[in-house]
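J.: Each step along the sequence shown adds one to the number in the numbering used here, with nothing skipped, and position 264 is 261.
For glycine and all other residues, C-beta sits at the position ideal for the given N, C-alpha and C.
Quick one: structure below, then a few questions.
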Amino acid sequence: MYGFFLVLPLLIIILTGNRLRARGFYSAEDVAALMKTLFYVILPPLLFRTSYIAGRDALSQPNLFYATTLCFLLTMLFAYFAARFAVHRGNLRRIATAVLASFRGNNVYLGLPVIQLAMGDKGMSEAAVYLAVTAVSFQLLSVAAGEMVLYGRLTLSGVCSMLKRLFTNPLILSCIAGLGASMAGIPIHFVLDETMKLMGNAATAVALLALGGSLDLSRMSAVVRIVRETWFDVLVKLALNPALMYLMLYFFPVSDDMRKVTVMLSAMPTAVNCFILARGMGMDGEYAADLVAATTLLCIAAIPLWAHILHMT
-2 MYGFFLVLPL LIIILTGNRL RARGFYSAED VAALMKTLFY VILPPLLFRT SYIAGRDALS
58 QPNLFYATTL CFLLTMLFAY FAARFAVHRG NLRRIATAVL ASFRGNNVYL GLPVIQLAMG
118 DKGMSEAAVY LAVTAVSFQL LSVAAGEMVL YGRLTLSGVC SMLKRLFTNP LILSCIAGLG
178 ASMAGIPIHF VLDETMKLMG NAATAVALLA LGGSLDLSRM SAVVRIVRET WFDVLVKLAL
238 NPALMYLMLY FFPVSDDMRK VTVMLSAMPT AVNCFILARG MGMDGEYAAD LVAATTLLCI
298 AAIPLWAHIL HMT
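Right, dumping it as structure tokens:
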């Protein structure tokens, strides 16, 4: 029951953002401004602060790196072979999309609010460590694998483009800067700390409103068709990926709080940017959009289930 009450407030705010967009209170430009403010103004101080608090713990997490990287690789391999030889046989663009989206979850706009609500500041510190440790593998593996499926090779331009996005990402840079400041012993004045804390307090509501405003729920009118077409890849994202992460963390143990955060973030629905990436890389953009819609709808059940399994009460 706790899991249901965990996701219900998030769902209400997401639907509020979506209805405000549908009613014209938010324009497309307003939603873009919300996301831009969140991405460049609100989340960086939050992640800097939580990374700073995490400090040395982040650099003593080799098991987290091993577990997450292995999980990403195994999830992609399973998605590839299942898509190529069974689910999407003969449809190369859709196979590439399935691989790209197999573990790319909505960690920022939904994952962080879930962790904040379930575990508070302690969970957010662990989430910042997770983002810092997995930054390179999370971004590069999915895009590189998708390109290799689609084109049969990894292009230099694709790698350079992803590296540029990675190392100009304010969220990644904030995590690295926070860890660096902590390791260097640089003190943070309480005024600056309180400022970052207040900025961070706005993150949850703004992220969920922006997510709601960005979702095209008109696709839900064809919900039966969407679920029927995407069910396998939905199971890969919401069930297989977190289950594999849970298993990998058994072989490469981390703290209990880190385990909960890592598995829960693995259970997030497909990231909205998968649609943008799929379309930009010549994959099946419409199928990616359907995956975003289907996993976002079905995470209403998946998040409470994983919260129960992880004893997040």
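Check this for me: beta carbons of MET193 and PHE75, under 8 Å apart or not?
T.: Residue mapping note: residue 193 aligns to position 196 of the sequence shown, counting from 1. Residue mapping note: residue 75 aligns to position 78 of the sequence shown, counting from 1. No. Outside cutoff.
J.: What are the boundary residues of the alpha helix (DSSP H) that VAL188 is part of?
T.: Position 191 of the sequence shown holds residue 188. Here the alpha helix (DSSP H) through VAL188 covers 187 to 198.
J.: Let me confirm a value: THR165 is counted as buried when at least 16 other C-beta atoms fall within 10 Å, else exposed. Which label applies?
T.: Indexing the sequence shown from 1 puts residue 165 at position 168. With fewer than 16 other Cβ atoms within 10 Å, it is exposed.
J.: Identify the continuous alpha helix (DSSP H) that holds LYS257 and give its terminal residues.
T.: Translated into the one-based positions of the sequence shown, residue 257 becomes position 260. Its alpha helix (DSSP H) spans residues 253 to 263.
J.: If we count the other Cβ atoms within 10 Å of its Cβ and call it buried at 16 or more, is LEU189 buried or exposed?
T.: The sequence position of residue 189 within the sequence shown is 192, counting from 1. Under this definition LEU189 is an exposed residue.
J.: Taking buried to mean at least 16 other C-beta atoms within 10 Å of its own C-beta, is LYS161 buried or exposed?
T.: For this step, residue 161 is matched to residue 164 along the sequence shown. Flag for LYS161 reads exposed.
J.: Are the CB atoms of VAL224 and ALA291 within a distance shorter than 8 Å?
T.: Looking up residue 291 in the sequence shown gives position 294. Looking up residue 224 in the sequence shown gives position 227. Contact: yes.
J.: I need the boundaries of the alpha helix (DSSP H) containing ILE39, first residue and last residue.
T.: Locating residue 39 in the sequence shown gives position 42, counting from the first residue. Premise fails: ILE39 is in no alpha helix (DSSP H) and is neither H nor E.
J.: When the Cα atoms are used, what is the spatial distance from VAL258 to VAL126?
T.: Reading the sequence shown from its first residue, position 261 is the one you call residue 258. Reading the sequence shown from its first residue, position 129 is the one you call residue 126. Cα-Cα distance, rounded: 10 Å.
J.: Going by the CB atoms, is the gap between VAL260 and MET280 shorter than 8 Å?
T.: Along the sequence shown, read from residue 1 onward, the residue named residue 280 stands at position 283. Along the sequence shown, read from residue 1 onward, the residue named residue 260 stands at position 263. Going by C-beta atoms, MET280 is not nearer than 8 Å to VAL260.
J.: Which first and last residues belong to the alpha helix (DSSP H) in which HIS308 is found?
T.: Translated into positions along the sequence shown, residue 308 becomes position 311. Looking at the DSSP string, HIS308 is not in any alpha helix (DSSP H), and its letter there is neither H nor E.
J.: Is it the case that the segment 225 to 244 contacts the segment 268 to 276, given that we only count it when at least three CB pairs across the two stretches are under 8 Å?
T.: The segment 268 to 276 is not in contact with the segment 225 to 244.
J.: Please name the residue in ARG20, SER57, MET116, ALA80 whose C-alpha comes closest to that of HIS308.
T.: Taking the sequence shown and counting its residues from 1, the one referred to as residue 308 is at position 311. Closest option to HIS308, Cα to Cα, is MET116.
J.: Which residue marks the beginning of the alpha helix (DSSP H) containing PRO250, and which one marks its end?
T.: Translated into positions along the sequence shown, residue 250 becomes position 253. Premise fails: PRO250 is in no alpha helix (DSSP H) and is neither H nor E.
J.: Determine the DSSP secondary structure at THR165, reduced to helix, strand or coil.
T.: On the sequence shown, residue 165 is found 168 positions in, with the first residue counted as 1. Coil, per DSSP.
J.: In terms of residues, what are the limits of the alpha helix (DSSP H) holding TYR63?
T.: For the purposes of this step, residue 63 is taken as the residue at position 66 of the sequence shown. Element bounds for TYR63: 59 to 79.
J.: Under three-state DSSP, which class holds GLY277?
T.: Here residue 277 corresponds to residue number 280 of the sequence shown, with the count starting at 1. GLY277 falls in the helix class under three-state DSSP.
J.: I'd like to know if the segment 15 to 34 and the segment 195 to 209 are in contact, where contact means that at least 3 CB-CB pairs between them fall below 8 Å.
T.: Yes: at least three Cβ pairs fall under 8 Å.
J.: Mind reading off the beta-carbon distance from LEU43 to ALA200? Whole number of angstroms is fine, and I expect it under 8 Å.
T.: Here residue 43 refers to the residue found at position 46 when the sequence shown is read from its first residue. Here residue 200 refers to the residue found at position 203 when the sequence shown is read from its first residue. Yes, they are in contact, since the Cβ atoms of LEU43 and ALA200 sit about 5 Å apart, within 8 Å.
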